[in-house]
Structures are given as C-alpha cells and as structure tokens.
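Chains as they are written, first to last, in the numbering used here: chain P, 6 to 166; chain U, 558 to 771. Beta carbons are placed, not taken as given, at the ideal position from N, Cα and C, and that holds for glycine.
This is the structure in structure tokens:
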C-alpha cells in the first residue's frame, strides 16, 4: 500500500474534513503503528522480519536491531559487538523493525502484505483519534482481536517454542 | 560408522519445525550437540561398551625414523625433536585417552604386565603409566577407551559414533536447547537411552569360555 493511500484512509476514518492532521503528522502515526505491529510480529518470531548479517569483532549492531535468534557467542556493550570463543566472524540472524517512513513520493508501507498494511492503518487511526480525545474503547477491543489474529496467522507455521 | 554433524543439526531443526532458523541458531545448536556428546561420553565411559574402544601401536624405531626425517627438514634456529625412548622417557598418551583396557607386545601379542610407578622398566613385558605418559619395555599395541571428539564445524565434521546413536544425540541436544540444562532429567534420559542401546551390541556372538578351559 502506498503511504499516500494510507494517509487518505486515516483522514477518511477520522472524518478529517477540516484537514486537521497534516501529512507529516499522519506519517508519524503510521511510523508509530509500524513499530507496534513489527514488535508484535517479532515477539511471535515472524520470519518476514528476520535478517542476516556477518558480524566481525567491534562492529556496531545493525540498524533497528530488536533481538537475535537464540544466543550467539557475542557480548554486546553500548551497541558494539565483541565476538567470543575465538570466532573471527559470525553469521548473525536477527529481528529488526522496518525503517521509518520519510514521506517521499511513491513510498510504500514496509510490510508488503495487505492484512498487515490494513492493521498499520487501523493502529494509526486509533492513535490519531486518541490524540483528539475521541472515545476509542470499542476500537481498542477490535484492535486486540486483530492483534491475536495477526499473531496466530503469521506464526501458524512456527510451532517451535 | 560415523554420524554427519550436519544431519544431526537438520534433524534438530525439523524437530522444532524451525527450517527458517528463527528460534535456534547454528551456534547454540552446535553447543547443544557438543553437550550431548559430552553427556554420552560420560555415560558410555562407565559402561562395558566397545563404542569408545580404540587401539594404537607404538613402534619406537618407526617413530624415531619419522623424527629423523622431521629434524633433517629443519632450518637453523628451529628446535630439533628429541628421540623417543619408550622405557626411559616414556611417550605421551593419546589426547583422547580415558582409560587403559589392555596392552600387548606388538611382536608376540604377549600381554604386558603393569609395574609399580616408582619402579624402573626392567623387563620387555613391563609397562607403567605415570601422569600422562606411558612407559613400556618394548614396542606395544594398546587398547584404550577414548573420548568422543566434539564438533567444531557442523558442515564438514562428523561424530565418531555408530548411526544407532543418531536419535539419542538429536533428542538430547533438543532437550538441552529448550530445557534447563542443569536439570537431572537430562542426565537420566541420557543414561536410560544409552542403556537401551549398549547391551544390544556388546559381543553377543562371543564364544563363552568354559570354566575348565585353561
């Protein structure tokens, strides 16, 4: 989904006829929503957000690093990696959240998945409404159901605990 | 007769339905496999099994001839290797040595006799072990219990056990990955599983010596 489409959806869902939410503000809402959904997916070990890099001693952690797969023979201090056990390089698999949207023309939401895009828009709408002190109690209940659905649907193939 | 480490790793991944390598990475799985090998080592070392038996032959003349070749290839400044004297200086035991089973003279297959460590080797048939060294009165072949070597590279190395131990290693390594490694349940499982395997193998076709046989 294009970011412009998502912004239109936010404005339409919040009945923003007076153009109260600026485009930048909507992008803030979307960024916040993307981080929320990404964190939800990462906690369920969604392979779509899994990345791999070869670490060497003294290297910085990758951008937007959240957590890694299992435990590696490394020690992380202040964002820098120290390799242990005599390794000179390590094939490092980790989860990271997507980079923030910048609002450039033609930009797309990061998940490339219709259901996730809709979830991002829904969270962004909740954030927008909340900022204007709307009562979003019932929306939050729906969002929680959506959260469960995402967690179950995206990780159904990964039964390992 | 060995188990490819890679196949153990893949079996563990399948057990966890983790083909994406999103739950357990290669390094911690390697550690778990090595821990499983160590557990198996500990349990097998105490059993009357032949899985860990290995023999080595010490021929003093051949070893010294190799040292001659090595020393001849050295350049100035490099240290020469000392000659081996089995009776006086002894020889280092193998790195994977755990315990001695038997030792025979290579020439006649005569079983050699241990002597007190404090006494010198006087007879051809004498041997003694002090610390990490074997002293012997003549060239000999030693049968000993070895330690299983741990795996360093999952892709290329293999584990020196018969294939019948495959599921045991997979099961123990998987338990190590998900359970409290200090739990006694683990050692209990290893012991039980090894016990199931070991009696199946030990010389079931061996000829039983009758009591009157000399």
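Exposure of residue 154 of chain P, with buried meaning 16 or more beta-carbon neighbours within 10 Å: When all chains shown are included, residue 154 of chain P counts as exposed.
Below-8 Å beta-carbon distance, residue 70 of chain P vs any chain U residue: no
Residue 162 of chain P burial status per 10 Å Cβ neighbour count (16 or more: buried): Confidence in residue 162 of chain P is poor, its pLDDT being 45 and thus under 50, which makes the residue's placement too unreliable to answer from.
Any C-beta of chain P under 8 Å from that of residue 566 of chain U: no
For residue 57 of chain P, the three-state DSSP class (helix, strand or coil): Residue state, collapsed to three classes: strand.
Simplified DSSP assignment, three categories, for residue 649 of chain U: strand
Contact under 8 Å by Cβ, residue 125 of chain P with residue 38 of chain P: yes
Enclosing beta strand (DSSP E) for residue 596 of chain U [first to last residue]: Counting along the chain, residue 596 of chain U falls outside any beta strand (DSSP E), though it belongs to the alpha helix (DSSP H) covering 583–602.
For residue 158 of chain P, three-class secondary structure by DSSP: Three-state DSSP puts residue 158 of chain P in a helix.
is_contact[residue 712 of chain U, chain P] using C-beta, thresh 8 Å: no
The beta strand (DSSP E) enclosing residue 734 of chain U, as first and last residue numbers: Counting along the chain, residue 734 of chain U falls outside any beta strand (DSSP E), though it belongs to the alpha helix (DSSP H) covering 723–735.
Buried or exposed by the 16-neighbour rule on C-beta atoms within 10 Å, applied to residue 581 of chain U: buried
Members of the stretch 69–91 of chain P near chain C, C-beta cut-off 8 Å: The chain inventory of the structure shown lacks chain C, comprising the protein chains P and U.
Proximity of residue 101 of chain P and residue 585 of chain U at Cβ, strictly below 8 Å: no
Element boundaries [beta strand (DSSP E), containing residue 95 of chain P]: Counting along the chain, the beta strand (DSSP E) containing residue 95 of chain P begins and ends at 94–101.
Rounded C-alpha distance that separates residue 7 of chain P from residue 106 of chain P: 11 Å
Residues of the stretch 39–54 of chain P whose Cβ lies closer than 7 Å to any Cβ of chain U, in chain order: 50, 52
Chain-ordered chain P contacts of residue 707 of chain U [CB-CB under 7 Å]: The contacting residues do not exist; residue 707 of chain U stays about 12 Å from chain P at best.
Burial state of residue 704 of chain U (16 or more Cβ within 10 Å): buried
Residue-level contact to chain U via CB, residue 30 of chain P, 8 Å cutoff: no
Listed by chain order, chain P residues near residue 585 of chain U by CB distance under 7 Å: 75, 76
Residue 684 of chain U and residue 693 of chain U closer than 8 Å at C-beta: yes
Close Cβ partners of residue 602 of chain U (< 8 Å) along its chain, the five nearest in sequence each way excluded: Taking residue 602 of chain U as the centre and dropping the five residues before and after it, the same chain places the C-beta of 609, 655, 656, 702, 704 closer than 8 Å to its C-beta, in chain order.
Distance between residue 577 of chain U and residue 718 of chain U (C-alpha atoms, nearest Å): 28 Å
Chain P contact residues for residue 508 of chain U, given Cβ-Cβ distances below 7 Å: Residue 508 of chain U falls outside the range modelled here, since chain U spans only 558 to 771, and no answer is possible.
Rounded Cβ spacing between residue 11 of chain P and residue 35 of chain P (contact assumed at less than 8 Å): Confirmed, about 6 Å.
CB contact check: residue 605 of chain U to chain P, cutoff 8 Å: no
Cβ-based burial, residue 65 of chain P [other Cβ within 10 Å; buried from 16]: Per the 10 Å Cβ criterion, exposed.
Cα-Cα separation between residue 651 of chain U and residue 80 of chain P, rounded to whole angstroms: 35 Å
Status (buried if at least 16 other CB within 10 Å, exposed otherwise) for residue 633 of chain U: exposed
Residue 631 of chain U burial status per 10 Å Cβ neighbour count (16 or more: buried): exposed
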